[in-house]
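Going down the list, the protein sequences come from chains A and B.
For what it's worth, numbering that gives the first Met the number 0 labels the leading residue of the first sequence as 0, then goes sequentially.
For what it's worth, numbering that gives the first Met the number 0 labels the leading residue of the second sequence as 0, then goes sequentially.
We put the beta carbon where it would ideally sit given N, CA and C, even for glycine.
Down below is the structure, laid out as structure tokens.
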Amino acid sequence: MMRARYPSALKWGAVLLAVHLLVAVLGPFLAPWAQDQMMAGLPIQGASLTHPFGTDQMGRDIFSRTLAGGWIVITLSVGGTLVGVIAGAAIGLFSGTVGGWIDEVLMRLTEAFLAIPFLIFALLIVSLAGPGVQGSPVLLILVVGAGYLPRVARMARAAALDVVSRDFVLAARLRGENAWTIARGEVLPNATGVLLVEFAVRAGYAPIVIGTLGFLGFGLKPPTPEWGLMMSEYRNLLTVQPMAVFGPGLMLATLVIGLNLFTEGLSAMARHGRAERAA
Amino acid sequence: MNTVLEVENLTVSYAVPGGAFTAVDGASLQVGAGEILGLVGESGSGKSTIGHTVMGHLAPGATAGGSVRANGRDVLDLSRAALQDLRGASIGFVPQNPTTALNPAMRVGTQIAEVLRRHTGLDPAAIRARCVELATDVGLPTPAALLARYPHQLSGGQQQRIAIAMALACRPPLIILDEPTTGLDVTVQRQIVELLARLRDGHRIAMLYITHDLPLLASLADRIAVMQHGRIVETGPVGDIVRRPRAAYTRALIAAVPDPDSPAPAPLHESPVLAASGLAVTYPAGFLRRRPPPAVSGVDLTLGATETLALIGESGSGKSTTARAICGLIRRSAGDVTFDGRPLAPALGRRDGADLRDIQYVFQNPDASLNPRRSVAEILARPIEVFHGIRGAAARDRAARALADVELDAEHLGRLPSELSGGQRQRVAIARALLAEPQVILCDEVLSALDVSVQARIIDLFLRLQRERRLALLFISHDLAVVRRLSHRVAVMKDGRLVEIGETDAIFTRPQHPYTESLLAAINRLPGEDRDAPG
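Below is the structure:
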């Protein structure tokens, strides 16, 4: 007997994500205009059939620009989260496995970084990076990654502490293996569940970080059709044609909601699976 | 004799992917007032499922057929509320592990009183009086003081007495005991068994005693039911079951029980390969805490090149700590350990590859000592790579040969530990130790997580390996019958010190230390024509 056992959060999250992925991949081809084509219509027009979100100060079609922004936001979010989770997991698993004063030092360092609010931390890095690299997507990925690193490291360390007292880790120590080998060979395979959830949770908030930085002018540079940046550029048009701001905002919101629903569904399923195994 | 519990043609099955798994298959048994029925079987035989079903507890997804009549009422027909009245009031339950069954945040006296409050109309003063009476009944000294304690302030034996007192609280005519003494020290086990016998005779309580320990039942139960694969293969009075077993399975079960009275292997008088002298381990003092007494101190022992030295003693006596200090897993605080004449550093990080290779450690529980996310091939590849620098196909060949050594097939290479039985897992752990090509293996209670029939085969495996390779074994165990079968010499530990060391037969027949005597007195023996036990 087959029961439907996927939580509805997971289903709705998956639907939203699928739509976003489709838009990200196909959007640039489906768009009625090229996103950077100036004078696709008269400047600053309200919503119409030819320009559903209207046109901006340079006559670019805002709907086409919104569609083109999807893959940028998704790539940056996933890239930044990947950097944060991989680096954080490496440091956290190593720290938890090695123990002693090295662990103490590493964890105090993560605490020091956690004491700085994420946004201020991000602004700090961007301004320190200097004008040469400001606005580069790689910098943005590193900023998101660096912001997530200490948070992921603490979770990974907790997961490692759960594993290091088990006998198979003692067996590895008796073979003379060092902490790094043990962290990679024995601890990591038992922490993948935690790290996957961690990745999903962090990825769910990355678009907000990228959008916020873009909105504040610390993200990508114009004329990139990144949603946060667009909302910032068009906020003067809000009274003339609200869709210029609401369109990208709606896309950003649905992406974040979709990611979070999906994550929540995943962890609900993991809990359910654990409960079932325990029974 | 009036029957208190009558189980008739009970079948319990679980829905599993692709069908149903039958845990109990047409089991029937009766327990009369003042009788202890022992239900014996190996893990997975369905004995605990019967115990839980009698309590009216079925796992989610399980269905039961047949009938279970306790005190004249059919348990399987009762509503949830009626079951709650039944449990505690007319059927008591003693779980295997009192540490998890007792609420750690509640005084034990309150926990007993809770049962009385739920099921009787007694006023608080009467409940208090009854609690003290129960504590006295289960043999707790100074009951009033002990009842005011929290579970962690009691010893394992005292916790189990509290659990028995809770089961007895409402004077139920029937008690179900699920492995109540497993995990307790032998001398404590003996006391609990004597307590149960007294309760049966004094209060005429019917007991269903579920265990895997046949010798223990032989000294306690009136009748025994033997279970295999969910069926009861044989029921009868204790004497008939152990002396004239009819079912082939019962015969196999009895044959697998090692005899504590058969002579041990003859002593070898070899020159030692491993020697420890003045070994001591002290854990550091904590913040604002005084330095604890040493876990181990002044331990001197030697191990011949092909000798088995058994290390016995109760839990907390320092057996494992001694073995771990020898292999370097725990840093010793004083003393010397030499291997083949060369000194071994206290810290693991200071030992070289040869030191690590020559002394291997096999852990008690293979569930914990094998990485659940690694296949058998990956687990076995580690010592081959680390100690011999061999990888790839050559390593796989070696791993397959090592599996053959421990009587497993090469097809097991691709499996995960969870896809193996407990005995197979312990064989993989032994193969991992052998792959280092060690001269000494430290075995820490390696048999205690295994069924008797599996234990017997692993013992034979150790004996064969020791014959074929030159292997010295330090064998930590609480099972004295196994110790006598395997070891040339025995060392007895108590409170972190070695109280006696000598040749096995001498220790068993002429113990010098009173503590050794008390350990030996607690051995449960199977009565029989060919193995007439003294006493």
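Using beta-carbon positions only, say whether residue i and residue j come within less than 9 Å of one another.
i	j	result
residue 524/B	residue 217/B	yes
residue 316/B	residue 495/B	yes
residue 222/B	residue 37/B	yes
residue 304/B	residue 475/B	no
residue 155/A	residue 197/A	yes
residue 301/B	residue 274/B	yes
residue 89/B	residue 5/B	no
residue 242/B	residue 233/B	no
residue 313/B	residue 185/B	yes
residue 75/A	residue 140/A	yes
residue 159/A	residue 266/A	no
residue 35/B	residue 196/B	yes
residue 278/B	residue 261/B	no
residue 26/A	residue 70/A	yes
residue 328/B	residue 336/B	no
residue 52/B	residue 15/B	no
residue 167/B	residue 137/B	yes
residue 284/A	residue 212/A	Any question about residue 284/A goes unanswered here, given that chain A covers just 0 to 278.
residue 65/A	residue 226/A	yes
residue 148/A	residue 206/A	no
Report yes or no: is there a C-beta of chain B within less than 9 Å of the C-beta of residue i?
i	result
residue 102/A	no
residue 91/A	no
residue 261/A	no
residue 161/A	no
residue 174/A	yes
residue 165/A	yes
residue 191/A	yes
residue 169/A	yes
residue 188/A	yes
residue 8/A	no
residue 184/A	yes
Measure from the C-beta of residue i to each C-beta in chain A and report whether the shortest distance is under 9 Å.
i	result
residue 19/B	no
residue 363/B	yes
residue 439/B	no
residue 532/B	Summary for residue 532/B: the model assigns pLDDT 43, below 50, so the residue's position carries little reliability; its value from the coordinates is reported in the next sentence. Output row for residue 532/B: interface = no.
residue 302/B	no
residue 359/B	yes
residue 431/B	yes
residue 424/B	no
residue 368/B	yes
residue 419/B	no
residue 371/B	yes
residue 538/B	Nothing in the structure corresponds to residue 538/B, since chain B is present only between 0 and 534.
residue 350/B	yes
residue 412/B	no
residue 278/B	no
residue 379/B	no
residue 355/B	yes
Based on DSSP bridge pairs, tell me the residues matched to residue i.
i	result
residue 502/B	488/B
residue 443/B	475/B
residue 335/B	276/B
residue 302/B	273/B
residue 493/B	496/B
residue 206/B	35/B, 174/B
residue 341/B	338/B
residue 295/B	280/B
residue 358/B	439/B
My understanding is that residue i touches residue j, with C-beta atoms under 8 Å, so please give their C-beta distance in whole angstroms.
i	j	result
residue 251/A	residue 360/B	Not quite, the Cβ-Cβ distance comes to about 56 Å (not below 8 Å), so this is no contact.
residue 439/B	residue 358/B	5 Å
residue 172/B	residue 205/B	6 Å
residue 92/A	residue 260/A	Contact doesn't hold; Cβ gap of about 29 Å is too wide.
residue 424/B	residue 374/B	The pair is not a contact, with the Cβ atoms about 13 Å apart (cut-off 8 Å).
residue 535/B	residue 111/B	Nothing can be reported for residue 535/B: it is not among the residues displayed for chain B, which extend from 0 to 534.
residue 259/B	residue 458/B	The pair is not a contact, with the Cβ atoms about 13 Å apart (cut-off 8 Å).
residue 24/B	residue 230/B	5 Å
residue 189/A	residue 372/B	6 Å
Within 8 Å of chain A by C-beta, residues of the region 382-401 of chain B in sequence order: 382, 385, 386
Chain A contacts made by the region 326-348 of chain B, where a contact means CB separation under 7 Å: 326, 328, 347
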